[in-house]
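The structure under discussion appears below in the form of structure tokens.
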Amino acid sequence: METAGEVFGGAIRTMFGYSSRLLGTDLLNNIYNSVPQFIIGHIHSGTLGNYEQARSIRDLPVNSTMNAMQSVTFPALAAVSGDGKKFVRGVGKVVGSIVFLMFPMMAGLIAVADELFGVFLASQWQPSVLFFRILCLAGFATPLAIISSNILRTRSDGKAVIRAEIIKKVLATVILAATIPFGALAITWGVVGIAFTDAAVSFATARRHSDYGVGLLVRDVLPTLALTLVMAAAVWGVGLLLSGASFVAAISASPKLALGIILAAKIMTGVAVYLGGAALLGLDAFREFTELLRKIISGARPTSGCG
Numbered sequence: 001m002e003t004a005g006e007v008f009g010g011a012i013r014t015m016f017g018y019s020s021r022l023l024g025t026d027l028l029n030n031i032y033n034s035v036p037q038f039i040i041g042h043i044h045s046g047t048l049g050n051y052e053q054a055r056s057i058r059d060l061p062v063n064s065t066m067n068a069m070q071s072v073t074f075p076a077l078a079a080v081s082g083d084g085k086k087f088v089r090g091v092g093k094v095v096g097s098i099v100f101l102m103f104p105m106m107a108g109l110i111a112v113a114d115e116l117f118g119v120f121l122a123s124q125w126q127p128s129v130l131f132f133r134i135l136c137l138a139g140f141a142t143p144l145a146i147i148s149s150n151i152l153r154t155r156s157d158g159k160a161v162i163r164a165e166i167i168k169k170v171l172a173t174v175i176l177a178a179t180i181p182f183g184a185l186a187i188t189w190g191v192v193g194i195a196f197t198d199a200a201v202s203f204a205t206a207r208r209h210s211d212y213g214v215g216l217l218v219r220d221v222l223p224t225l226a227l228t229l230v231m232a233a234a235v236w237g238v239g240l241l242l243s244g245a246s247f248v249a250a251i252s253a254s255p256k257l258a259l260g261i262i263l264a265a266k267i268m269t270g271v272a273v274y275l276g277g278a279a280l281l282g283l284d285a286f287r288e289f290t291e292l293l294r295k296i297i298s299g300a301r302p303t304s305g306c307g
């Protein structure tokens, strides 16, 4: 029979092994995330500033949003990780909540990129707009990557995380190597490819530790994706309409003011169409997101998300 000390020591070794694997993957990710910038700076140095500006602006809302949601959703999933049915329901609700926020955010940033850069940045950064739009496409893969990571971290011993990271980094190296000869824009498209490849590998790995499969994923994501596309079309339409409007032309002596008017109109249109459509259609993701938002604001753990 094991003594209390032996049991405690075994638990410590297990926890240390698990934590060290997660720490190793986090360090690997942090290092590898800088590789595209290093390559662009070394081979295509003239465009590094534009790429960096685009990436930093894209990362600001993405990272802050995902950190806030991660701090609430991970403990909620961990609390029900031992109950298969509750866990699957919780994953579905978390997926719905995350995509409900991330999809329109990325689509909206793509749609208002010209005005956003024109109003808040000097004209020298206008070439960053194309990089920005391309990088925003990678943001559509973020929800799947985050939820897959949560599944693996709550229901695996960490070894699966390491194996998935090795596969992802091998594929990322292949993608980057294939895009390097074609310039900085090709490398940026490669970053998008890496984001979706990473998400696919993570989801395939997480699938072995959960009954949350492709069918459930499509069910939870498709309504939000469809509404996002409608919103994006409406925002683009308003932009085209206002860019030729007489009142904008009348203040053309102040280009930033004109761009500011268009930017404000686009944002209001996007918010109205998206939230109005979600409420009108009664999307489950809308209800789950509002509940999650209340929990984030109050600092509490979402109970309905996994109950």
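According to UniProt numbering, the sequence shown is numbered sequentially starting from 1.
Using N, Cα and C, we set each Cβ at its ideal position, and we do this for glycine too.
Determine whether the beta carbon atoms of residue i and residue j lie at a separation below 7 Å.
i, j, result
"L227", "G277", "yes"
"V271", "A234", "no"
"S202", "A145", "yes"
"V80", "G90", "yes"
"I151", "A200", "no"
"G41", "D220", "no"
"R58", "C136", "yes"
"F289", "F100", "yes"
"K266", "V230", "no"
"A232", "A68", "no"
"W125", "F117", "yes"
"L225", "E115", "no"
"V94", "T73", "yes"
Keeping to the same chain, check which residues put their C-beta closer than 6 Å to that of residue i; ignore five residues upstream and five downstream.
i, result
"G190", "I175, L176 and T179"
"F140", "M106"
"S128", "N50, Q53 and A54"
"L280", "none"
The alpha helix (DSSP H) that contains residue i, what's its start and end?
i, result
"T47", "Neither: T47 is in no alpha helix (DSSP H) and is coded neither H nor E."
"A172", "K159 to T179"
"A141", "First-last for A141: undefined, no H or E at that position."
"D220", "V214 to S243"
"S202", "A184 to R207"
"D114", "A113 to F120"
"G270", "P255 to L281"
Output needed for residue i: all residues of its chain with C-beta closer than 8 Å, excluding positions within five of it in sequence on either side, in chain order.
i, result
"Q37", "L48, Y51, E52 and R55"
Shortest alpha-carbon distance to residue i belongs to which of the options?
i, options, result
"G183", "S45, V35 and N33", "S45"
"M268", "H42, V72 and P104", "P104"
"I194", "V218, E165 and G215", "E165"
"T142", "V119, T290 and I98", "I98"
"A172", "I162, K85 and I187", "I187"
"T154", "S34, P75, I110 and I167", "P75"
"L130", "L275, A113 and S243", "A113"
"L241", "T224, P255 and I261", "I261"
"S254", "V119, A68, S64 and I39", "V119"
"S210", "T73, T65 and D83", "D83"
In chain order, what residues of the same chain have a beta carbon less than 7 Å from the beta carbon of residue i, not counting five sequence neighbours either side?
i, result
"V192", "I134, L137 and A138"
"Q70", "I146"
Does any C-beta atom of chain B lie closer than 7 Å to the C-beta of residue i?
i, result
"K86", "As a matter of chain content, chain B is missing from the structure shown, which is built from one protein chain."
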